[in-house]
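The structure appears below as structure tokens.
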Amino acid sequence: MTKDNSYALLLMVFLLGTFPEAMFSSNIILANLALMLGFRKIYSLRSGVDTKLKLFDACFWIGVATLLYSWSIFFVLLVYVGIIIHQKLTVKNLFIPIVGFLTPMLIYFTYCLYFEDAAFFYVKFGYGINLDFSPYTSLKLFIPLIFLSIVLLWGLLKVTPKVLSVRNNFKFSWEVLINHLLISATIVAVAPTKNGSELFFVIFPSAVIIANLMHHIKSKIIKNMILYAFLLVSVTVYFL
0 MTKDNSYALL
10 LMVFLLGTFP
20 EAMFSSNIIL
30 ANLALMLGFR
40 KIYSLRSGVD
50 TKLKLFDACF
60 WIGVATLLYS
70 WSIFFVLLVY
80 VGIIIHQKLT
90 VKNLFIPIVG
100 FLTPMLIYFT
110 YCLYFEDAAF
120 FYVKFGYGIN
130 LDFSPYTSLK
140 LFIPLIFLSI
150 VLLWGLLKVT
160 PKVLSVRNNF
170 KFSWEVLINH
180 LLISATIVAV
190 APTKNGSELF
200 FVIFPSAVII
210 ANLMHHIKSK
220 IIKNMILYAF
230 LLVSVTVYFL
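In numbering that gives the first Met the number 0, the protein residues as written are 0 to 239.
Shown next as structure tokens:
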């Protein structure tokens with residue numbers, strides 16, 4: 000998804016440092032690790048190789064993530080976005096993700112019935128919604144969110160027209176990436192607990208978009224300024 004993966008990795012490190020609460024929620028960390036395995040399959044749909052297996056695997060890992068953090072279920076939509084954008088729309092391809100998603104659910108349900116109680120299964124699907132955004136008014140979250148939003152908007156406005164003007168595999172992946180960001184932002188918006196840990200979901204798509212922005216910026220000075228700004232923000236939040 001990027002010409003230089005080192006930028007994306009570095010930005011992910013900076014963003015994790017910027018939102019430290021994301022590193023102290025074990026369920027969110029594990030859910031995102033499972034999601035990363037699923038995202039890898041979704042973005043590789045562009046190759047056209049082992050499509051059905053990739054669709055199953057992607058939704059299998061999204062299912063695992065959903066057991067850890069219920070709102071991860073939204074990413075099932077990203078699988079279908081990938082199917083449509085990469086033109087893999089067939090009857091089988093529509094049903095395979097459902098089977099993949101339900102597989103870990105069935106395994107966990109069977110485990111609960113045998114060892115615990117069915118209630119342990121149902122409690123995993125408590126879809127609480129919190130639309131109170133007042134926690135984001137604290138400087139510790141407000142400053143990095145505003146900064147990230149500005150750079151993200153810059154990246155989208157600068158890179159998107161250039162990418163969409165050329166018909167190639169990267170164009171399709173970029174369209175998936177934008178939808179990925181929108182779904183992640185939706186999860187953040189409805190998250191029942193808003194303490195910064197939920198922002199883990201936007202770190203990956205944000206880092207990839209900004210890394211592509213860095214690739215399109217020719218001036219090394221500006222590139223360094225962006226990186227130093229992220230570093231500065233990630234350090235500053237600990238003093239707010």
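For each residue, glycine too, the CB sits at the ideal point set by N, CA and C.
Can you give me the start and stop residues for the alpha helix (DSSP H) that residue 89 sits inside?
Unbroken run through residue 89: none, as it is neither H nor E.
Can you check whether the CB of residue 58 is closer than 8 Å to the CB of residue 78?
Yes, they are a contact pair.
State the DSSP-derived secondary structure class of residue 117, mapped to helix, strand or coil.
Of the three classes helix, strand and coil, the one that applies to residue 117 here is helix, per DSSP.
Just to confirm my understanding: we take residue 229, look at its own chain, exclude 5 residues before and 5 after, and list those with CB closer than 7 Å. What are they?
Excluding residues within five positions, the ones whose Cβ falls inside 7 Å are 10, 13.
Do residue 7 and residue 198 have their CB atoms nearer than 8 Å?
Against a cut-off of 8 Å, the Cβ pair of residue 198 and residue 7 comes out as no contact.
Do residue 232 and residue 146 have their C-beta atoms within less than 8 Å of each other?
Cβ distance < 8 Å, so residue 232 and residue 146 count as in contact.
Quick one: Cα of residue 156 to Cα of residue 162, how far?
Each residue's alpha carbon lies about 11 Å from the other.
Should the stretch 49-66 be called in touch with the stretch 98-113, which here means at least 3 C-beta pairs below 8 Å?
Result yes; three or more Cβ-Cβ pairs closer than 8 Å.
Starting from the Cα of residue 105, find the closest Cα among 92, 94, 95, 120 and give me that residue.
Closest option to residue 105, Cα to Cα, is 120.
What's the call for residue 75, buried or exposed, on a 16-neighbour Cβ count within 10 Å?
Under this definition residue 75 is a buried residue.
Between the C-alpha atoms of residue 196 and residue 30, what's the straight-line distance to the nearest angstrom?
Roughly 12 Å separates the two Cα atoms.
Mapping the DSSP letters down to three states, classify residue 85 as helix, strand or coil.
If DSSP states are grouped into helix, strand and coil, residue 85 belongs with coil.
One question on the structure: do residue 40 and residue 51 come within less than 8 Å of each other, judged by their Cβ atoms?
No. Outside cutoff.
From residue 204 to residue 42, what does the alpha carbon distance come to, in whole angstroms?
About 12 Å.
Does the beta carbon of residue 206 fall short of 7 Å from some heavy atom of the ligand MN?
Absent from the structure shown: the ligand MN. Ligands present: none.
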